[in-house]
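>
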Amino acid sequence: MNAAPQIGADIVQDDPLADRATCLEVWRQVFDAPPPKRLSVGFLRKAILHEQQCQKHGRVPKQTLRRLQVIASGKMPSTCSTSSLKPGAHLMREWNGRTYQVEVVTEGFVMDGLTYKSLSAIAKRITGAHWSGPRFFGLAQ
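Structure, rendered in structure tokens:
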């Protein structure tokens with residue numbers, strides 16, 4: 522992105538009262554295309570700022586967009602493999618008024634300083650009964 526779109530987008534961001542003509546000109550600079558007809562100034566401003574953010578930080582990966590669409594539709598995936606959890610991830614679950622936090626590590630899972638090989642072992646420790654660990658932590662239905 523060259524300096525002109527950055528400056529123009531900053532004008533739109535810093536001046537919430539930027540008029541329609543300013544927003545249309547900044548749109549042309551940022552998108553290198555004419556703006557669609559009949560868009561409100563508020564929408565133009567938000568679209569410009571979103572595009573500026575995407576250009577600066579990168580776009581949302583397609584896989585993430587697909588997952589968000591599934592979540593928004595109300596259909597949660599039936600399973601989520603615990604092998605897809607990356608070390609450093611944290612899982613939280615409230616049970617009987619207490620919040621439990623589990624950290625994913627390369628050796629398995631850590632809760633309260635103890636390492637477990639499976640989430641099911643942690644779920645059993647928390648509840649005293651056999652549970653599917655992924656289901657207990659909301660990773661599967």
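Taking the numbering used here, I'd label the letters of the sequence shown as residues 522 to 662.
Glycine included, every Cβ here is placed at the ideal spot set by N, Cα and C.
Leaving out the 5 sequence neighbours to the left and right, which residues in its chain are closer than 6 Å to phenylalanine 657 when beta-carbon positions are compared?
Counting from 1 along the sequence shown, the entry for residue 657 is found at position 136. Answer for phenylalanine 657: Ala644, listed in chain order.
> Would glycine 654 be called buried (16 or more neighbouring beta carbons within 10 Å of its own) or exposed?
Locating residue 654 in the sequence shown gives position 133, counting from the first residue. When all chains shown are included, glycine 654 counts as buried.
> Which word fits leucine 589, buried or exposed, when buried means at least 16 other C-beta atoms lie within 10 angstroms of its C-beta?
For the purposes of this step, residue 589 is taken as residue 68 along the sequence shown, with counting starting at 1. Under this definition leucine 589 is an exposed residue.
> Going by CA-CA distance only, name the one from Ala554, Thr627 and Leu640 that's closest to alanine 661.
Counting from one through the sequence shown, the residue named residue 661 turns up at place 140. Cα-wise, what sits closest to alanine 661 is Leu640.
> Nearest to serine 605 by CA position, among Thr627, Val551 and Asn617, is which residue?
To locate residue 605, count along the sequence shown from 1; it is residue 84. Nearest of Thr627, Val551 and Asn617 to serine 605, Cα basis: Thr627.
> So, is isoleucine 592 buried or exposed, given that buried needs 16 or more other C-beta atoms within 10 angstroms?
Start at 1 with the first residue of the sequence shown, and residue 592 comes out as number 71. Exposed, since its Cβ has fewer than 16 Cβ neighbours within 10 Å.
> Nearest CA to the CA of glycine 659: which residue from Thr648, Leu612, Pro582 and Lys596?
Counting from one through the sequence shown, the residue named residue 659 turns up at place 138. For glycine 659, the nearest C-alpha among the options comes from Leu612.
> Roughly how many angstroms separate the alpha carbons of glutamine 573 and threonine 585, rounded to a whole number?
By one-based count along the sequence shown, residue 573 stands at place 52. By one-based count along the sequence shown, residue 585 stands at place 64. About 20 Å.
> What is the DSSP secondary structure of histidine 571, reduced to helix, strand or coil?
The residue you call residue 571 lines up with position 50 of the sequence shown. Note: histidine 571 maps to helix in three-state DSSP.
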